[in-house]
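Working notes, structure below.
4 protein chains.
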Amino acid sequence: MIKGSLVQFSAFQDDLSAVAQSPFPEWLVSLAPQLENWLKTQQHGELKAWLKSVEQLPLITPTEISLGDTVTVTNNQIQPGQQARIEGLLKQLMPWRKGPFDLHGVHIDTEWRSDFKWQRVAPHIGDLSGQHVADIGCGSGYHLWRMLEQGAEHVWGIDPGQLFMAQFLAVKHFMPKELQQRAHFFPLGIDDLGPLQCFDTVFSMGVLYHRRSPIDFLSQLKQLLRPGGQLVLETIVIEGGEQDVLVPGQTYGKMRNVWFIPSSKALMHWLRRVGFKQVECVDEGVTELAEQRATAWMEGQSLADFLDPNDNSRTIEGYPAPRRAVIIAK
Amino acid sequence: MIKGSLVQFSAFQDDLSAVAQSPFPEWLVSLAPQLENWLKTQQHGELKAWLKSVEQLPLITPTEISLGDTVTVTNNQIQPGQQARIEGLLKQLMPWRKGPFDLHGVHIDTEWRSDFKWQRVAPHIGDLSGQHVADIGCGSGYHLWRMLEQGAEHVWGIDPGQLFMAQFLAVKHFMPKELQQRAHFFPLGIDDLGPLQCFDTVFSMGVLYHRRSPIDFLSQLKQLLRPGGQLVLETIVIEGGEQDVLVPGQTYGKMRNVWFIPSSKALMHWLRRVGFKQVECVDEGVTELAEQRATAWMEGQSLADFLDPNDNSRTIEGYPAPRRAVIIAK
Amino acid sequence: MIKGSLVQFSAFQDDLSAVAQSPFPEWLVSLAPQLENWLKTQQHGELKAWLKSVEQLPLITPTEISLGDTVTVTNNQIQPGQQARIEGLLKQLMPWRKGPFDLHGVHIDTEWRSDFKWQRVAPHIGDLSGQHVADIGCGSGYHLWRMLEQGAEHVWGIDPGQLFMAQFLAVKHFMPKELQQRAHFFPLGIDDLGPLQCFDTVFSMGVLYHRRSPIDFLSQLKQLLRPGGQLVLETIVIEGGEQDVLVPGQTYGKMRNVWFIPSSKALMHWLRRVGFKQVECVDEGVTELAEQRATAWMEGQSLADFLDPNDNSRTIEGYPAPRRAVIIAK
Amino acid sequence: MIKGSLVQFSAFQDDLSAVAQSPFPEWLVSLAPQLENWLKTQQHGELKAWLKSVEQLPLITPTEISLGDTVTVTNNQIQPGQQARIEGLLKQLMPWRKGPFDLHGVHIDTEWRSDFKWQRVAPHIGDLSGQHVADIGCGSGYHLWRMLEQGAEHVWGIDPGQLFMAQFLAVKHFMPKELQQRAHFFPLGIDDLGPLQCFDTVFSMGVLYHRRSPIDFLSQLKQLLRPGGQLVLETIVIEGGEQDVLVPGQTYGKMRNVWFIPSSKALMHWLRRVGFKQVECVDEGVTELAEQRATAWMEGQSLADFLDPNDNSRTIEGYPAPRRAVIIAK
């Protein structure tokens, strides 16, 4: 955990020890230098303030834990003053996008009802018992806890977002030691991970359309898997056939940096092209306004602002409104 | 030129001196180590044999040079025995794909009538006088000589193909010293070239569809140009609108390793997306059988074999037959 | 421990985990890549055979352990057949230079009576309780076990010698798990260790005279120590004052690669020059023939062969015979 | 030459071209990245001002050149106003240590009468005609011009000192183009030069005693030489035999960072030890006060201040006063 008022290398001590003891200790060869480099060159001025908030969270032994739809930590002796303090500190880490969480009675109503997404995904991913599971682009790490609920042995969250790391560490702070030792977050991007070929299951949810090279991204995901492992891929798609691919202009639903939005048929074809043998689209549908919206914990713009006010089937730029597909590939 | 029976670093001496004296001597920083690395790790066993053929070519002072449709070197005193010797050595470098050339009466009838392509391109590229021009994926270098014809000061051919290098060196061997000093070939790929921002004009003909990441490729090309420079891009396209993109299966026209074939409209949109301001498609059409065909200097399969024998508008796999577009972007 | 018939990265799993959990997890940044590099480029053809011998050693739970003058592991139920097997396997790892050891009744009578040296050193090194101790050039690791006897928490042996690694692993094999977890060996040289500034005590015995740059070596040793740590330096010296330094010719006592042999006064001056504040020579004397001699476990030449047969105060080359000093520097 | 108000990569354009055209173009592989790195990380704030002075020097065609004891450039039409201007600018580059120079009537009376040293060295170095000669630690480059006088084809000055570079460029500025093209200066240290094995003659004058590892330094010098090349080594020595080596305390003659001062006998032994076959001491003697003294162009302390005022045979610290030897090794 965090020691000192800035992240130091020793903050990753337990995570690195878990890598050393895993079936893939070779990961240390690239990981340790990357973390050191990150520590030396991290630029985000606010990280220091965020981590200070995390450090100030009170230490409370949980009496009950739920890794269900709302990831919940409870102590039945909690004092109202402590709750107010916790809420104040967690609000320093706004905006909260992926959740919901309930930490000692503080309910974090996140922009995304990520439990909706998990309900679409979970029935299709099989039993995670004993698995090492990676979540590429894990955000605050909400889904990591759900993976532990499904029996995963260790979950490895990968996301360059520094606010996300602070949020993850805040939630982890309240978890019992046994769970802390199994949940990891590294502030890296997928380009930092080589062909590790070590994870039993790899999740990538909501990342593909931000990549300039979707083929390289799919190959990278494939090379993170051990032979026989499975990929769980969730992304925005358009309707259409194998040759339909939207490359939007400068923005899509006000998002910058969106490159390729294929149809699910095109995407499945790409997955087979990079070497997956079994590719199945297990869910596809339009994102509802109830799933992604502004809340007291994310006060900025959300889906309703990104759509054409006169026609919810179009983005504000006139492109098809976000449709999302879940694909399992092995 | 080549010294010794294997390429040595000193073989690139004149080219490196030309870089040092150019407006972009910084290129040496990456180029010199890359060439040394290439020399140490070059794997192609046949390169040695090819270069030996080049070294054995007779030294003949040309009396006439034409850099026109057939790139031609002539000496009016040539002996028939010498011609036979030249022809025998050049045949060692088969298959010859890009031409045609006529070297002291030896006519190299290449698979491609590259002069047809040049006739479509040349009217649109403006005056090259005084320019540094790069050709990414230059093959045997046929077009490099045509660029010199158009007044280019120095032409820089980039292609990892080692047979292509040998063919280029064979042609260069017969050229007068004044032209030799202005024509360069480095056995590298575009990924070896950083954001040099130095060339006045960059050509990329017939490469895009082999790239896994077309967006990155277009960005790389943009970053090779000096501010205000122009890109000349020629590639296979399909018919259709801005969202039509063909990603073939394992082969396209029997070619492996084909990834993205956009429509010219999609491609122009991509070029604008990576930052080109002025993008114009100056030519588009189906490749005719007369332009790409088997010859005595390329005895393998050619276009006729790649098309559906019953329907020349389809490849043998059933995809649309190759259509090619020329786009100028600034 | 060793898994598989060749050393694999996972062989260092427990050691790397110990580094991760130590006060100096940053060491992983350089260490993990170095071990991987060592695994990829290790050249010593015999290592495979040596490690095979180690793997074939029987698994015997010790009933008694002594880390005294003879490092001893005993099981009072040992079978004579097992003893013969152990002896045969350990003889595969000859020559044994540093010891002695007694492993289940197999007495390894090493070339050096390293216990003599330890008796000269031990009274001066203070209490090692709770310390992280490094031994640079540790050989078979005999002294590592003695350091554990003195209370060290973890001992870190550093030596590029691959036979030494096999010997260390053979001894470690017989040790109880609790000691195994505290004794480490990395097949590296001091140049691989940066300015770690982490060890409480650093030993360097019998290395300095092999270094081309003694000043750099002393600086490196200093930079391995945490602030306030102590260096225990043992090396060959000549008699004389602060400006007396022998640089022998091609050999010294038949040893190649001997560079600087200063007087102990010169050496102490050098130590102060590189920044040590407190420098004390606690022992100095001529190496006796009883301390270094050929045995059944080291059948080659030893000290008696390196001296002038007519004058034991001279090496065979006519240089002063080896005199050794122990210096403590802080 | 220098272009723009700061050194840019193009400043080294002609030097890099000379390397490309030399018998050792491979040097570009390390040299080009080193120069770029130097440009990016050069820290010396005053360099900008120094180079500005160099740029402001008037352009005057020389009518007479002498590369003799005083390196002299003359134009018989020089205006007194120009002289004053030159003198003012050159004084910006004080202190001047190695000389003397006379540039259009401005006499630079340097701290060192380097011509005295050259008179001791020159008779022993043989004919330099057609040679590539390196001077490691060349200072202002005075001796480079003397090497050209002796017929060297190209002289390569190596010194990390940025004021020295500015002084060199100032002198070079006044030289005729033909000489400019043959005199080079790179702001590097010997550790930046690998085993180039390319120079016909290598000079190292006044550097050895500043090296922490004299053996490594001598090996590096050896590896700069082509097979059969000669080393000219000049350094401070003490009197004594093969085992006499002075390692002073924090200062020697008020100089910090002095490590090993061997006797000339010890030094010759070291040279043989690193592989030189023929080693000869061609000159040895005490440095006279007339050779190194304060002047109007170097107003700081000089030799007289470094010696014991009561005993000129001792430094102020009580060590033997500087004695210098010239050794030729092949």
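Protein chains in written order, with this note's numbering: chain A, 34 to 363; chain B, 34 to 363; chain C, 34 to 363; chain D, 34 to 363.
All C-beta atoms, glycine included, are put in the ideal place defined by N, C-alpha and C.
Keep in mind it's a predicted model, so treat the numbers as computed, not measured.
Distance CB(Leu123 (chain C))-CB(Phe207 (chain C)) smaller than 8 Å: Locating residue 123 (chain C) in the third sequence gives position 90, where the first residue counts as 1. Locating residue 207 (chain C) in the third sequence gives position 174, where the first residue counts as 1. Contact annotation: Leu123 (chain C) and Phe207 (chain C) have beta-carbon atoms that are not nearer than 8 Å.
Short of 8 Å in beta carbon distance, which residues of its chain neighbour Thr284 (chain D), apart from the five on each side in sequence? Order them along the chain. The residue given as residue 284 (chain D) occupies position 251 in the fourth sequence. Val291, Glu350, listed in sequence order.
For the region 256-277 of chain D, list every residue whose C-beta sits within 7 Å of some C-beta in chain E, in sequence order. Absent from the structure is chain E; the protein chains it does hold are A, B, C and D.
Given Arg356 (chain A), which residues of its chain have a CB within under 8 Å of its CB, disregarding the five upstream and five downstream residues? One-based indexing of the first sequence puts residue 356 (chain A) at position 323. Apart from sequence neighbours up to five positions away, the residues of its chain that approach Arg356 (chain A) with a beta-carbon distance below 8 Å are Ile269, Val270, Ile271, Glu272, Glu317, Gly318, Val319, Thr320, ordered along the chain.
Take Val383 (chain C) as the anchor and find which of C:Leu226, C:Val307, C:Gly282 has the nearest alpha-carbon. Lying outside 34 to 363, the shown extent of chain C, residue 383 (chain C) is not represented and no answer is given.
Local conformation of Ala354 (chain C) per DSSP, three classes: Numbered from 1 along the third sequence, position 321 holds the residue referred to as residue 354 (chain C). Ala354 (chain C): coil per DSSP, three-state reduction.
Roughly how far, in whole angstroms, is the beta-carbon of Pro91 (chain B) from the beta-carbon of Gln115 (chain B), given that I think they are within contact range, below 8 Å? Numbered from 1 along the second sequence, position 58 holds the residue referred to as residue 91 (chain B). Numbered from 1 along the second sequence, position 82 holds the residue referred to as residue 115 (chain B). Contact holds; Cβ gap of about 6 Å.
Use the C-beta contact count for Thr234 (chain B): other C-beta atoms within 10 angstroms, 16 or more gives buried, fewer gives exposed. As a first step, residue 234 (chain B) must be located in the second sequence, where it is residue number 201. Thr234 (chain B) sits buried, since 16 or more C-beta atoms from the chains shown fall within 10 Å of its C-beta.
Short of 8 Å in beta carbon distance, which residues of its chain neighbour Pro353 (chain A), apart from the five on each side in sequence? Order them along the chain. Reading the first sequence from its first residue, position 320 is the one you call residue 353 (chain A). Non-local beta-carbon contacts of Pro353 (chain A) in its own chain, meaning distances under 8 Å to residues more than five positions away in sequence, involve Ile271, Glu272, Leu279, Ser346, Arg347 in chain order.
Give the DSSP bridge partners of Ala51 (chain B), in chain order. Counted from its first residue, the second sequence places residue 51 (chain B) at position 18. None, per the DSSP bridge assignment.
With 16 other CB atoms within 10 Å as the buried threshold, where does Lys36 (chain C) fall? Stepping through the third sequence from its first residue, residue 36 (chain C) is reached at position 3. Because the pLDDT of Lys36 (chain C) is 47, which lies under 50, any placement of that residue in the model is unreliable, and the question is left without a value.
Under 8 Å by Cβ, that's how I've got Met331 (chain D) and Arg130 (chain D) pegged, so tell me the actual separation to the nearest angstrom. If you number the fourth sequence from 1, residue 331 (chain D) lands on position 298. If you number the fourth sequence from 1, residue 130 (chain D) lands on position 97. The beta-carbon separation of Met331 (chain D) and Arg130 (chain D), rounded to 6 Å, stays under the 8 Å limit for a contact.
Under a Cβ-count criterion, where at least 16 other Cβ atoms within 10 Å of its own Cβ denotes burial, should Glu144 (chain D) be classed as buried or exposed? Within the fourth sequence, the letter at position 111 stands for residue 144 (chain D). Glu144 (chain D) should be labelled buried.
Return the CA-CA distance between Leu68 (chain A) and Leu300 (chain D), expressed in angstroms with no decimal places. Locating residue 68 (chain A) in the first sequence gives position 35, counting from the first residue. Locating residue 300 (chain D) in the fourth sequence gives position 267, counting from the first residue. For Leu68 (chain A) and Leu300 (chain D), the distance between alpha carbons rounds to 47 Å.
Neighbourhood of Pro228 (chain A) by C-beta, 7 Å cutoff - its chain only, sequence neighbours within 5 removed: Here residue 228 (chain A) is taken as the residue at index 195 of the first sequence, counted from 1. So the list reads Gln256, once near-sequence residues are dropped.
Name the two residues that bound the continuous beta strand (DSSP E) containing His165 (chain C). Stepping through the third sequence from its first residue, residue 165 (chain C) is reached at position 132. Its beta strand (DSSP E) spans residues 165-169.
Cα-Cα separation between Pro281 (chain A) and Ser246 (chain A), rounded to whole angstroms: In the first sequence, the residue the question calls residue 281 (chain A) occupies position 248. In the first sequence, the residue the question calls residue 246 (chain A) occupies position 213. Between the alpha carbons of Pro281 (chain A) and Ser246 (chain A) lies a distance of about 14 Å.
Contact list for Ala53 (chain B) against chain D, beta-carbon separation under 7 Å: As a first step, residue 53 (chain B) is located in the second sequence; it is residue number 20 there, counting from the start. Going along chain D in sequence order, the residues near Ala53 (chain B) (Cβ under 7 Å) are Gln46, Leu49, Ser50, Ala53.
According to DSSP, simplified to helix, strand and coil, what is Ala329 (chain B)? Locating residue 329 (chain B) in the second sequence gives position 296, where the first residue counts as 1. Coil at Ala329 (chain B), not helix or strand.
Residues that His302 (chain A) contacts on chain B, provided the C-beta gap is smaller than 7 Å: Taking the first residue of the first sequence as 1, we reach residue 302 (chain A) at position 269. Correct list: Val280.
Listed by chain order, chain B residues near Phe218 (chain D) by CB distance under 8 Å: Counting from 1 along the fourth sequence, the entry for residue 218 (chain D) is found at position 185. For Phe218 (chain D), no chain B residue has a C-beta closer than 8 Å to its own C-beta; the minimum C-beta separation is roughly 16 Å.
Note down, in chain order, every chain C residue with its Cβ under 8 Å from the Cβ of Phe232 (chain A). Against the first sequence, residue 232 (chain A) aligns to sequence position 199. What Phe232 (chain A) touches in chain C: nothing, since even the nearest Cβ is about 17 Å away.
Name the chain B residues whose beta carbon is nearer than 7 Å to that of Phe42 (chain D)? The residue labelled residue 42 (chain D) in the question sits at position 9 within the fourth sequence. Simply Pro58, Glu59.
To be precise: take each residue of the region 143-168 of chain B, compare its Cβ to all Cβ atoms of chain A, and keep it if any distance is under 7 Å. Which residues remain? Closer than 7 Å at the C-beta level to chain A, one finds no residue of the region 143-168 of chain B.
Counting Cβ pairs, one atom from each stretch, are 3 or more of them under 8 Å apart for the region 181-198 of chain A and the region 155-168 of chain A? With contact defined as three or more Cβ pairs closer than 8 Å, the region 181-198 of chain A and the region 155-168 of chain A are in contact.
Does any CB atom of chain A fall closer than 8 Å to the CB of Pro128 (chain C)? What you label residue 128 (chain C) is simply residue 95 of the third sequence in a count that begins at 1. So no, Pro128 (chain C) is outside the interface.
Among the candidates C:Phe42, C:Ile141, C:Arg306, C:Gly286, whose CA atom is the shortest distance from the CA of Gln334 (chain C)? As a working note, residue 334 (chain C) is residue 301 in the third sequence. Of C:Phe42, C:Ile141, C:Arg306, C:Gly286, the residue nearest in Cα terms is C:Gly286.
Closer than 8 Å, CB to CB, is Glu186 (chain B) near chain D or not? Looking up residue 186 (chain B) in the second sequence gives position 153. Judged by the 8 Å Cβ criterion, Glu186 (chain B) is not in contact with chain D.
According to DSSP, Val270 (chain B) sits in a beta bridge with which residue or residues? Along the second sequence, one-based indexing puts residue 270 (chain B) at 237. Paired residue(s): B:Arg356.
Quick check on this structure: which residue in C:Cys314, C:Glu186, C:Trp60, C:Gly174 has the alpha carbon closest to the alpha carbon of Ile361 (chain C)? Your numbering for residue 361 (chain C) matches position 328 in the third sequence. Of the residues C:Cys314, C:Glu186, C:Trp60, C:Gly174, the one whose Cα lies closest to the Cα of Ile361 (chain C) is C:Cys314.
Among the candidates A:Ser297, A:Leu181, A:Asp148, A:Arg118, whose CA atom is the shortest distance from the CA of Gln214 (chain A)? Working through the first sequence from its first residue, we reach residue 214 (chain A) at position 181. That would be A:Leu181, whose Cα lies nearest to the Cα of Gln214 (chain A).
Would you mind sorting Leu322 (chain C) into buried or exposed? The rule is 16 or more other CB atoms within 10 Å of its CB. On the third sequence, position 289 is the one that residue 322 (chain C) refers to. Label assigned to Leu322 (chain C): exposed.
Give the DSSP bridge partners of Asp192 (chain B), in chain order. Stepping through the second sequence from its first residue, residue 192 (chain B) is reached at position 159. None, per the DSSP bridge assignment.
Are the C-beta atoms of Ser246 (chain B) and some chain A residue less than 8 Å apart? Residue mapping note: residue 246 (chain B) aligns to position 213 of the second sequence, counting from 1. Yes - at least one Cβ of chain A is within 8 Å of the one on Ser246 (chain B).
What residues in the region 295-325 of chain A bring their beta carbon closer than 8 Å to a beta carbon of chain B? Answer set for the region 295-325 of chain A: Ala299, His302, Trp303, Arg306.
Beta strand (DSSP E) segment containing Ser346 (chain D), residue limits: Taking the fourth sequence and counting its residues from 1, the one referred to as residue 346 (chain D) is at position 313. Looking at the DSSP string, the run of the beta strand (DSSP E) that includes Ser346 (chain D) is 344-348.
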